[in-house]
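Here the sequence shown stands for residues -22 to -1, 1 to 223, numbered as in mature numbering (1 follows the signal peptide of the UniProt record, and there is no 0). Notes follow the structure.
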Amino acid sequence: MNKLLNTLFALVVASVTSLALAQQPPATAPAGAPGANSPGATPAAGPASPKSLEAKVAMCVGCHGIVGYKSSFPEVYRVPKIAGQSAKYIAAALNAYKTGDRKHPTMRGIAESLSDQDVTDIAAYYEKLGAEDRKPIAEKPSREPSAQVAGLLQKAACASCHGANFSKPIDPSYPKIGGQYADYVFVALKAYKTENNPAVGRNNGVMGAIAKQFSNAELKALSNYVGSLEGEMATVPESRWHKSH
Ligand code: HEC
Ligand code: HEC
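This is the structure we're talking about:
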């Protein structure tokens, strides 16, 4: 089974790499990054059709299931936490890669290979993944911003959409951002500002208008604050799918 999964994954990566052409250097793992085999993981509570879900999620594990895994395009940053993110937002994000509203070439190639049913199943799976390890977080953010960051947060009313603790968005199709990797948050915020680049950028009216009000240094300060908060998302090593170990 493991061999099959590995082969599947290699094939997916190969096809994605060729789709992405030379624009996308392969994601790199830092030397000594912890592997995906943690013996402590508990088996998932039986999804309706574990086989097919396993095959679908096998495509994601090599990046989103490895703690500390980094992408190197358009710069080096940690691959986002998606376990514990809301299913509606995960589906919206995958559909944005599919339509090209989000231009990241690797995620576009992956999303284009998913059917609508795949998107629904995978989004539901990731929303629940790791739920047994999550503690409810407080309504207030787990730390106060500096005066500078407080001013930036106020200027764009970030909390009015993402929630006071940045993990309770006013609509489930809006992302939780509290505790997301700061380097990824920075890349995402800059992408909303980027225009006329075939491989980088995110078309989103709301976040585009917001991100454009800030310099990159300000976006970085915002990212560092948001990333420093307690959150509900995690990178969960998905060894539970590799039961033959
Ligand atoms: C080769 C590495 C790689 C693989 C494989 C991969 N991803 Fe990603 N994923 C990334 C990177 C890098 C990003 C950030 C892209 C960006 O900047 O928009 C990302 C972004 C995402 C996002 C958006 C997160 C957010 O907070 O907006 C979702 C959702 C996602 N991936 C889901 C998946 C799913 C589901 C799979 C498997 C079907 C998958 N990914 C496979 C590297 C990968
Ligand atoms: C009017 C509502 C609204 C406000 C105000 C708002 N956001 Fe957003 N934010 C959204 C929506 C909707 C998305 C999803 C956009 C998409 O689909 O790409 C989003 C996406 C994001 C993302 C990408 C998350 C990811 O996982 O990729 C980040 C980071 C973010 N917002 C940070 C902020 C910050 C920081 C502020 C304040 C400076 C802010 N937002 C203000 C609605 C809002």
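Think of the CB as a built atom: it goes at the ideal place given N, C-alpha and C, for glycine as much as any other residue.
Q: Tell whether a beta-carbon distance below 7 Å holds between I60 and H42.
A: To locate residue 60, count along the sequence shown from 1; it is residue 82. To locate residue 42, count along the sequence shown from 1; it is residue 64. Yes, the Cβ-Cβ distance between I60 and H42 is below 7 Å.
Q: Compute the distance between the beta-carbons of G157 and L207, then report whether it is under 7 Å.
A: As a first step, residue 157 is located in the sequence shown; it is residue number 179 there, counting from the start. As a first step, residue 207 is located in the sequence shown; it is residue number 229 there, counting from the start. In contact: G157 and L207 (Cβ atoms closer than 7 Å).
Q. Taking the Cβ atom as the reference point for each residue, do V45 and T213 lie within a distance shorter than 7 Å?
A. On the sequence shown, position 67 is the one that residue 45 refers to. On the sequence shown, position 235 is the one that residue 213 refers to. Closer than 7 Å, so yes.
Q: Measure from the alpha carbon of K113 to the alpha carbon of each residue in E216, S217, P215, M211, then state which is nearest.
A: Your numbering for residue 113 matches position 135 in the sequence shown. Ranking the options by Cα distance to K113, first place goes to M211.
Q. Hey, how far is the Cα of Y182 from the Cα of E117?
A. Within the sequence shown, residue 182 is the residue found at index 204, counting from 1. Within the sequence shown, residue 117 is the residue found at index 139, counting from 1. A quick correction: the sequence has Asn, not Tyr, at residue 182. About 27 Å.
Q.
I'd like to check one pair, K34 with D96: are the Cβ atoms closer than 7 Å?
A. By 1-based counting over the sequence shown, the position of residue 96 is 118. By 1-based counting over the sequence shown, the position of residue 34 is 56. Contact flag set, yes.
Q. If you drop the 5 nearest sequence neighbours on each side, which residues of the same chain put their C-beta closer than 8 Å to that of S201?
A. By 1-based counting over the sequence shown, the position of residue 201 is 223. Taken in chain order, the residues that qualify are A160, D161, V163, F164, L167.
Q. Considering P83, what are the terminal residues of the alpha helix (DSSP H) in which it resides?
A. For the purposes of this step, residue 83 is identified with residue 105 of the sequence shown, where counting begins at 1. Its alpha helix (DSSP H) spans residues 83 to 90.
Q.
Are the CB atoms of I188 and A137 within a distance shorter than 7 Å?
A. Mapped onto the sequence shown, residue 137 falls at position 159. Mapped onto the sequence shown, residue 188 falls at position 210. Contact flag unset, no.
**Q.** Where residue 279 falls: helix, strand or coil (DSSP)
**A.** As shown, the chain starts at -22 and ends at 223. That puts residue 279 outside it, with no answer to give.
Q) What is the DSSP secondary structure of A212, counted as helix, strand or coil? A) In the sequence shown, residue 212 corresponds to position 234, counting from 1. In the structure shown, A212 sits in a strand (DSSP, three-state: E or B).
Q: Would you tell me roughly how many angstroms separate the C-alpha atoms of A89 and M37, rounded to the nearest one?
A: Stepping through the sequence shown from its first residue, residue 89 is reached at position 111. Stepping through the sequence shown from its first residue, residue 37 is reached at position 59. Looking at the two C-alpha atoms, the distance is approximately 10 Å.
Q) Where V54 and Y170 are concerned, what is the direct C-alpha to C-alpha distance, given to the nearest angstrom? A) As a first step, residue 54 must be located in the sequence shown, where it is residue number 76. As a first step, residue 170 must be located in the sequence shown, where it is residue number 192. Approximately 18 Å, taken between the alpha carbons.
Q: Give the secondary structure of A142 by DSSP, where H, G and I count as helix, E and B as strand, and everything else as coil.
A: Numbered from 1 along the sequence shown, position 164 holds the residue referred to as residue 142. Looking at A142 - three-state DSSP - the assignment turns out to be coil, as it is neither helix nor strand.
(Q) Distance check for V184 and K66, CA to CA, integer angstroms please. (A) Within the sequence shown, the letter at position 88 stands for residue 66. Within the sequence shown, the letter at position 206 stands for residue 184. If I take the Cα positions, the gap works out to 17 Å.
Q | S151 and A70 closer than 7 Å at C-beta | A | Start at 1 with the first residue of the sequence shown, and residue 151 comes out as number 173. Start at 1 with the first residue of the sequence shown, and residue 70 comes out as number 92. In contact: S151 and A70 (Cβ atoms closer than 7 Å).
Q) Taking 6 Å as the line, does the beta carbon of A71 fall inside it for any heavy atom of ligand 1? A) Numbered from 1 along the sequence shown, position 93 holds the residue referred to as residue 71. Checking the Cβ of A71 against ligand 1 gives yes.
Q: Return the chain-ordered list of same chain residues with a C-beta closer than 7 Å to the C-beta of P58, the five sequence neighbours on each side being excluded.
A: As a working note, residue 58 is residue 80 in the sequence shown. Same-chain partners within the cutoff: Q158, Y159, Y162.
(Q) Which of the three DSSP states is assigned to K190 in this structure? (A) Within the sequence shown, numbered from 1, the residue matching residue 190 stands at position 212. K190: coil per DSSP, three-state reduction.
(Q) Are there any heavy atoms of ligand 1 lying less than 6 Å away from the beta-carbon of I44, as far as the coordinates show? (A) Stepping through the sequence shown from its first residue, residue 44 is reached at position 66. For ligand 1, not one heavy atom lies less than 6 Å from the Cβ of I44.
Q: Report yes if the C-beta of A177 is less than 6 Å from at least one heavy atom of ligand 2; otherwise report no.
A: Along the sequence shown, read from residue 1 onward, the residue named residue 177 stands at position 199. A177 Cβ: outside cutoff for every heavy atom of ligand 2.
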